[in-house]
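Position in the sequence shown (first residue = 1) + 130 = the numbering used here. To keep things clear, I will list the structure first and then write my remarks on it.
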Amino acid sequence: MEPSTRSKAIMEFLKPRVGARVKSWLEICTKCGQCADTCHFYLAADRDPKMIPAAKVKYLSEIIRRKGEVDDEFIQKAYDCIYHECNMCRRCTQFCPFGINIADMIALTRALLFSQGVCPEALRSAIKNYHETGNQMGVSEEDWLDTLTWCEEEMESEIVGLKIPVDKVGAEIMYTINAREAKFYPQDIQEVAKIMHVAGASWTVPSKRGWDDTNLSMFVGDLKTSRTLVENTFARATELGAKKVAITE
Ligand code: SF4
Ligand code: SF4
C-alpha cells in the first residue's frame with residue numbers, strides 16, 4: 131500500500147478511537163519506571179529497557195505524531211513488539227500510579243495493525259473460520275453433530291444411559307467448548323459428559339453457532355467479530371432457555 135493511502139486509512143481508524151483518554155495517557159507518563167518490574171517480558175529479558183511497559187506504547191504515539199506516515203519497516207517493528215513482547219496481561223496497568231492503561235494502548239495498536247491487514251497468520255485463519263463456520267477450527271455443523279454422536283456412542287458402552295443432549299430446550303446448563311476439542315481432543319467432551327451424567331445435571335449442547343466459546347478475534351482487536359461470537363452464544367442460550375452457560379477449562 132502506498133504510504134499516503136496507508137496514512138489516510140490509519141488516521142481514519144484512529145480518529146474515533148484516540149480521544150482525550152488515550153491522549154492524556156500518552157502525555158502524563160512520567161517515565162518513572164514503576165511499571166518495569168511488573169512485566170514478565172522485562173524480567174525475562176534481563177531488564178532490557180525496551181521491554182519496559184511504558185516503552186512499548188512508543189509505536190502508537192509515534193504513529194499518531196507522524197499522522198500515520200509510517201513505512202513497512204516501522205509496521206514490522208511495531209508488530210514484533212506488540213505481539214512478541216507483550217501479551218496484554220494488564221499487570222503493568224495495575225501498578226501505574228497514574229492509572230495509565232498500557233494494555234489498552236497495546237490492544238489499540240494491535241487493532242490498528244489488524245485494520246491494515248497485519249496480524250499473526252494463525253489468528254487470521256481462526257477469524258476466517260469464525261466468519262465461515264462460527265468456530266475457530268472451521269468445523270462444519272455436520273461434523274460437530276457427528277462428533278457428538280460418536281462420542282456418545284463410544285461412552286454408552288462404558289456408562290449405560292449416558293447421553294450428550296443436543297439442543298435440549300429448558301436444560302439448566304448450556305455447555306460450550308473450545309473448538310479444538312471437537313477437532314483434536316474429543317475425549318475432553320466425553321469426560322465432561324461423564325461428569326454431567328454422574329452429577330445428574332440438566333445440561334445441553336447447542337448444535338448451531340455459539341458452541342465454540344473461544345474468542346481469538348479479541349487478541350487482534352477485531353471487536354466486531356468478538357461481539358458476534360458472544361452474541362451467537364447468547365442467542366443459543368436464549369433459544370434453549372438455559373439458565374447458565376458453562377465453558378470448558
Ligand atoms: S508506571 Fe505509569 S507513569 Fe510510570 S513509566 Fe510506567 S506507565 Fe509511565
Ligand atoms: S500488559 Fe504487556 S507490558 Fe504490561 S505487564 Fe503485561 S506483558 Fe508487560
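We put the CB at the ideal spot given by N, CA and C, even for glycine.
Can you tell me the Cα-Cα spacing of W274 and E203, whole angstroms?
Counting from one through the sequence shown, the residue named residue 274 turns up at place 144. Counting from one through the sequence shown, the residue named residue 203 turns up at place 73. The straight-line gap from Cα to Cα measures roughly 43 Å.
Would you mind giving the Cβ-Cβ distance between H161 and A184, rounded to the nearest angstrom? I have them listed as a contact below 8 Å.
Along the sequence shown, one-based indexing puts residue 161 at 31. Along the sequence shown, one-based indexing puts residue 184 at 54. A quick correction: the sequence has Lys, not His, at residue 161. So it is a contact: roughly 6 Å between Cβ atoms.
Helix, strand or coil: which one does DSSP assign to W333?
For this step, residue 333 is matched to residue 203 along the sequence shown. Strand at W333.
By DSSP, does V375 sit in helix, in strand, or in coil?
Locating residue 375 in the sequence shown gives position 245, where the first residue counts as 1. If DSSP states are grouped into helix, strand and coil, V375 belongs with the strands.
Just to confirm, does R388 get its C-beta within under 7 Å of one of the non-hydrogen atoms of ligand 2?
Any property of residue 388 remains undetermined from this structure, which presents the chain solely from 131 to 379.
The alpha helix (DSSP H) spanning Y315 covers which residue range?
Translated into positions along the sequence shown, residue 315 becomes position 185. First-last for Y315: undefined, no H or E at that position.
Determine the DSSP secondary structure at M304, reduced to helix, strand or coil.
The residue you call residue 304 lines up with position 174 of the sequence shown. In the structure shown, M304 sits in a strand (DSSP, three-state: E or B).
Does the pairing of the segment 344 to 362 with the segment 261 to 275 give three or more beta-carbon distances under 8 Å?
Touching, per the Cβ criterion.
Have a look at the DSSP bridge pairing and note the partners of D342.
Here residue 342 refers to the residue found at position 212 of the sequence shown. Looking at the DSSP assignment, D342 forms a beta bridge with I307.
Does the separation of the CB atoms of P316 and T277 fall below 8 Å?
Counted from its first residue, the sequence shown places residue 316 at position 186. Counted from its first residue, the sequence shown places residue 277 at position 147. Yes, the pair counts as a contact, with Cβ atoms nearer than the cut-off.
For K298, collect the residues of the same chain with a Cβ closer than 6 Å to its Cβ; drop the 5 residues on either side in sequence, then sort them by chain order.
The residue labelled residue 298 in the question sits at position 168 within the sequence shown. T334.
Is it right to say E311 is buried, meaning 16 or more other beta carbons lie within 10 angstroms of its own, or is it exposed?
Position 181 of the sequence shown, counting from 1, holds the residue named residue 311. When all chains shown are included, E311 counts as buried.
Can you say whether C219 is buried or exposed, counting buried as having 16 or more other CB atoms within 10 angstroms of its CB?
In the sequence shown, the residue the question calls residue 219 occupies position 89. Flag for C219 reads exposed.
Does DSSP put V328 in a helix, in a strand, or in coil?
Numbered from 1 along the sequence shown, position 198 holds the residue referred to as residue 328. Of the three classes helix, strand and coil, the one that applies to V328 here is helix, per DSSP.
Using 7 Å as the cut-off, classify the Cβ of N217 as near or not near the heavy atoms of ligand 2, replying yes or no.
Here residue 217 refers to the residue found at position 87 when the sequence shown is read from its first residue. Flag set: Cβ of N217 near ligand 2.
Take G382 as the anchor and find which of I212, L353, G300, F228 has the nearest alpha-carbon.
What is shown of the chain runs 131 to 379, which leaves residue 382 out entirely.
Tell me whether D343 is buried or exposed, calling it buried when 16 or more other Cβ atoms sit within 10 Å of its Cβ.
For the purposes of this step, residue 343 is taken as the residue at position 213 of the sequence shown. The residue in question, D343, is buried, as its Cβ has 16 or more Cβ neighbours within 10 Å.
Please look up how many angstroms separate the CB atoms of E282 and I294, rounded, as I've assumed it's under 8 Å.
Your numbering for residue 282 matches position 152 in the sequence shown. Your numbering for residue 294 matches position 164 in the sequence shown. Correct: roughly 5 Å between the Cβ atoms.
Is the beta carbon of T168 within less than 7 Å of some heavy atom of ligand 2?
Locating residue 168 in the sequence shown gives position 38, where the first residue counts as 1. Checking every heavy atom of ligand 2 against the Cβ of T168, one is found closer than 7 Å.
Check whether the Cβ of I212 sits closer than 7 Å to any heavy atom of ligand 1, and report yes or no.
Here the question's residue 212 lines up with position 82 in the sequence shown. Result no, Cβ not under 7 Å from ligand 1.
If V187 sits next to I236, beta carbons under 8 Å apart, how far is it from one beta carbon to the other, in whole angstroms?
Taking the first residue of the sequence shown as 1, we reach residue 187 at position 57. Taking the first residue of the sequence shown as 1, we reach residue 236 at position 106. 7 Å between Cβ atoms; contact.
Could you tell me whether the Cβ atoms of I230 and I158 are closer together than 8 Å?
Locating residue 230 in the sequence shown gives position 100, counting from the first residue. Locating residue 158 in the sequence shown gives position 28, counting from the first residue. In contact: I230 and I158 (Cβ atoms closer than 8 Å).
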